[in-house]
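Take the first sequence: its letter number 327 is residue 867 in my numbering, and every next letter is one higher.
Take a look at the structure set out below.
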Amino acid sequence: MNTAPVRVRFAPSPTGYLHVGGLRTALYNFLFARAQGGSMVLRIEDTDRGRYVEGAVENLLTTLAWAGIDVDEGPAQGGPHGPYVQSERTALYREHCELLLGKDKAYRCFCTPEQLDAARARQMAEGRDAAYDRSCRALGKEEVEARLRDGLPYTVRLKVPLSGSLRFDDVIRGDITVMHEVIDDQVLLKSDGFPTYHLANVVDDHFMAITHVIRGEEWLPSTAKHVLLYEAFGWQPPVFAHLPLLLNADRSKLSKRQGDVAVEDYRAKGFLPEALVNFVALLGWNPGDDRELFTIDELCDAFSLERVSKAGAVFDLEKLRWFNAQYLRTQPTERLLELCGPWLREAGIDVSDSARTHALLELLASYLTVPADIAAQLEPFAAGAVVPEDDEAKEALQAESAVVVLRALLPRLMHVEPWSAEHIKNMINEVKTESGVKGKALFMPIRVALTGRAHGPELGIVAELIGREQCLQRLRDAVA
RNA sequence: GGCGCGUUCGUCUAGCGGCUAGGACGUGGCCCUCUCAAGGCCAAAACACGGGUUCGAUUCCCGUACGCGCUACCA
């Protein structure tokens, strides 16, 4: 039994942005570490220099911080097991390749990519499995040395046992058995001197004292190779936990083209980190009771790998929107202002009048799913004339009693003091008494005249916030 | 093709041999209300299929089907 303190890692490769699937993996690692009183490492896996994207690491760091996922060790904060960027650890990988070579657990392969491609094509054409034919595995010592003297480029491959099988335990999936014969002699060190994922991952996880490897299910098939590596080195493998995939609506692996997959896209659209984290946490995990709304701290307390499910989960934007609306509605007005600020200004709202701005936000909060929704809600409150927006609104103004109501209200609003929702409401009541018009027939024409819309928040408050001058002008326009 | 993993309402899921199969999103209806949003209540909606095991299977086992993943000198 492993009694060492829990250490987990999130190990993305810096190829651009943080994928929402990556966010969930990072989150589960974080939650598990917190739940277990352990620590979390961030490691940058940049061994493929061809795919490296400038600025990707910075972007990753900002995005994780935005989501509230704090790592304990990593490129930004350092730590006792650094460096935390793989391209700065190449000597370690090469050294360990030599170790494997010396133990006869690996061998040099001088096949060129062209040869390998051709061989693969041939195998496919013959309807056989495409796998490395292991021709270099049989090379004699002298032959290898001759080629090395000639300066031929080579890769280092893992010497996979030819028969038998191996098993490992996955916390989420249970016991998994793989026949050695279906495992390829995996390349460990590329001819450019960089390690492949498999080698770097195993070496780093070992030296960074990682106890639990929590990663996406796409890694499940290659875990056998990793286990073989741990055995070859004589190291204790970590506990594995392979998470179910996040899926598109058609149940394929979540990808671009079918919607946004970058966390920064959701951030840009005004989704709150709390909402995204809450939503994504529940994709593949549940607390075992009916709770749905969780702060990240509550998630830390509730999380366990035992409650992670096995099947992939469709990323349902509608449910994310619901979470966002839930959080948006309960934000203090100050935060709402911060979130909606850009759209307020765009809508021509005078944000310097903070009392009015706050009142508007409080009034409209329940109408928002994302902050951008505020724009449409704000239209009636901006300066300028309004026109009935649809047939329903037009009809309300055309009703025979409409003009009676509006004519009766106009002078009253001119003189009502103070200009407040309560007093405006009183005036509307006076109109009701005087004209005998009530209910919908009374309110609808006023609402449409003032806002151009048939629907909206309570009329008294709406009128108060539109302001006396605008209200009077709009009433005059409507009866003209 | 091979190997691996998976399969409860449209979606996220609860269930760990005996339940009217529960909750949430979405959908529909009702209530509240001048209207809408929010909120409350109600409704429709699922155990992939076939064999076993068992007194009894959504649950355990084996097949089949379907889906997904992997099968690179990418991660």
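Virtual Cβ for every residue (Gly too), placed ideally from N, Cα, C.
Since this is a predicted model, take the numbers as computed values, not measurements.
Check whether residue i and residue j have beta carbons under 8 Å apart
i           : j            : result
residue 578 : residue 547  : yes
residue 752 : residue 778  : yes
residue 873 : residue 902  : yes
residue 706 : residue 764  : yes
residue 575 : residue 843  : yes
residue 584 : residue 615  : yes
residue 593 : residue 794  : no
residue 766 : residue 710  : no
residue 941 : residue 895  : no
residue 967 : residue 936  : no
residue 660 : residue 694  : no
residue 651 : residue 728  : no
residue 889 : residue 845  : no
residue 627 : residue 602  : no
residue 964 : residue 1007 : no
residue 882 : residue 606  : no
residue 988 : residue 951  : no
residue 669 : residue 697  : no
residue 799 : residue 857  : yes
C-alpha distance - residue i paired with residue j, whole-angstrom precision
i            : j            : result
residue 564  : residue 821  : 7 Å
residue 1014 : residue 945  : 14 Å
residue 552  : residue 598  : 12 Å
residue 1019 : residue 604  : 56 Å
residue 1002 : residue 974  : 23 Å
residue 750  : residue 1005 : 58 Å
residue 595  : residue 991  : 47 Å
residue 920  : residue 993  : 8 Å
residue 876  : residue 908  : 10 Å
residue 662  : residue 671  : 11 Å
residue 827  : residue 572  : 13 Å
residue 562  : residue 686  : 45 Å
residue 978  : residue 861  : 38 Å
residue 943  : residue 790  : 54 Å
residue 788  : residue 806  : 16 Å
residue 634  : residue 609  : 33 Å
residue 835  : residue 867  : 10 Å
residue 853  : residue 582  : 25 Å
residue 948  : residue 1016 : 11 Å
residue 758  : residue 792  : 12 Å
residue 976  : residue 831  : 50 Å
Candidates the options, of which the one nearest residue i by Cα
i           : options            : result
residue 742 : 943, 772, 984      : 772
residue 851 : 744, 785, 774      : 785
residue 755 : 570, 643, 912      : 570
residue 770 : 789, 744, 788      : 744
residue 961 : 932, 899, 941, 914 : 899
residue 914 : 924, 887, 939      : 887
residue 803 : 824, 557, 543      : 557
residue 833 : 847, 848, 816      : 816
residue 823 : 848, 799, 719      : 848
Residue i classed as buried or exposed, judged by whether at least 16 other C-beta atoms fall within 10 angstroms
i            : result
residue 629  : buried
residue 541  : Note that residue 541 has pLDDT 48, beneath the 50 cutoff, so the model's placement of it is unreliable and the number below is only indicative. With fewer than 16 other Cβ atoms within 10 Å, it is exposed.
residue 776  : exposed
residue 617  : exposed
residue 954  : exposed
residue 645  : buried
residue 995  : exposed
residue 699  : buried
residue 1011 : buried
residue 933  : buried
residue 818  : buried
residue 911  : buried
residue 916  : exposed
residue 590  : exposed
residue 580  : buried
residue 863  : buried
residue 1070 : A query on residue 1070 cannot be resolved here, the shown segment of the chain reaching from 541 to 1020 and no further.
residue 550  : buried
residue 865  : buried
residue 717  : exposed
May I have a chain-ordered list of the alpha helix (DSSP H) segments no shorter than 4 residues that lie completely inside the stretch 944–979?
The qualifying runs are 961–975.
Counting only runs that start and end within the stretch 787–875, where is the alpha helix (DSSP H) found for 4 or more residues in a row?
When DSSP assignments are scanned along the stretch 787–875, the uninterrupted stretches of alpha helix (DSSP H) that are 4 or more residues long and fall wholly within it turn out to be 803–808, 813–821, 836–842, 857–869.
Going residue by residue through the stretch 598–669, where are the continuous alpha helix (DSSP H) segments of at least 4 residues, counting only ones entirely within it?
630–642, 653–665
Segments assigned alpha helix (DSSP H), at least 4 residues, entirely inside the stretch 738–784:
763–773
What ranges does the beta strand (DSSP E) occupy inside the stretch 657–732, keeping only unbroken runs of at least 3 residues that lie completely in it?
695–698, 705–710, 714–719, 727–729
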